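Okay, so the sequence shown: first residue is 921 according to my numbering, each after it adds one. Just so it is clear, CB atoms sit at the ideal spot from N, CA and C, and this is done for glycine as well. Treat the numbers as computed from the prediction; the structure is a model and nothing was measured. Heads up, the thing below is written out as structure tokens.
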Amino acid sequence: MATPHNEALEGQIAKTVLMPGDPLRAKFIAENFLDDVTCFNSVRNMLGFTGTYKGKKISVMGSGMGMPSIGIYSYELFSMYGVDTIIRIGSAGGISDNIKVRDIVIGMGSSTNSNYAAQYKLPGTFAPLADFSLVRRAVETAEKANIHVVVGNVLSSDTFYTDSVSDNDLWKKMNVLCVEMESAALYMNAARLGKRALGIFTISDHLYTRESLSAKERQDSFTDMMKIALEMSN
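Written out as structure tokens, the structure reads:
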């Protein structure tokens, strides 16, 4: 069952996996929110843990940065480890005037400048979407916890440092809410393999207002995002 990237054995990974980009954030979630935790992966320091949350088995694993990285890990989880649902929990940079720093965004769709979909040889442009049941559950969970969320289209970019200064303006006029670097590949893998995926993002900075959270503020805001993901999975 082990792969070149994941040393987990059969049965060690839950049906639902939360995936932050940072493996140390996966460790933080495991240590602070889960009970009876075991580490199932440390290959390349891409840490993965399984434990229980309110009695339900759940796993958390880092994805790394960018679509090639989450593309590998999510594909293996879906196709080789029997995972049914992956919820990405990460940070994003605000683009839209309708969101602000600390907001939590539910990624209903994920536009991209990536060529990831070329592998499918489709006769047109594929629109990567989250699983609707997960979107609805996330929104309902946030409302019950009195946590404000914004639902809409996000951008998964292949570039963190772009050479084209006008790119963000063009995405902004199409009402894209924020930019991150992984969800489009996750959504495409889920679609291709008949699985479920969702991205939940905390706005850690805004590309136009130049607001940015401090390290402590990021940790507090990210905790709300983690609570939504854990509660909706329970």
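Discussion item. Given this structure, state the Cα-to-Cα distance separating S1016 from Y1107, to the nearest angstrom.
Written reply: 22 Å
Worksheet item: Who are G986's beta bridge partners in DSSP?
Response: Per DSSP, none; premise fails for G986.
Worksheet item: Among the residues of its own chain, which have a CB less than 7 Å from the CB of S999, if the five just before and after it don't count?
Response: L1113
Practice prompt. Would you check if there are 3 or more beta carbon pairs closer than 8 Å linking the segment 970-977 to the segment 1068-1088?
Written response: no
Worksheet item: From which residue to which residue does the beta strand (DSSP E) around R1008 run?
Response: T1005 to G1014
Worksheet item: Does the Cβ-Cβ distance between T1079 and E1151 come in under 8 Å?
Response: no
Discussion item. Looking at the secondary structure, which residues open and close the beta strand (DSSP E) in which R1116 lies?
Written reply: R1116 to H1126
Discussion item. Quick check for students: name the residue ranges of the alpha helix (DSSP H) that lie wholly in the segment 939-966, counting only runs of 4 or more.
Written reply: 943-953
Discussion item. If the criterion is Cβ atoms closer than 8 Å, does the pair V1070 and L1097 meet it?
Written reply: yes
Worksheet item: Is it right to say I1132 is buried, meaning 16 or more other beta carbons lie within 10 angstroms of its own, or is it exposed?
Response: Checking the sequence, you will find Ser at residue 1132 rather than Ile. So S1132 counts as exposed.
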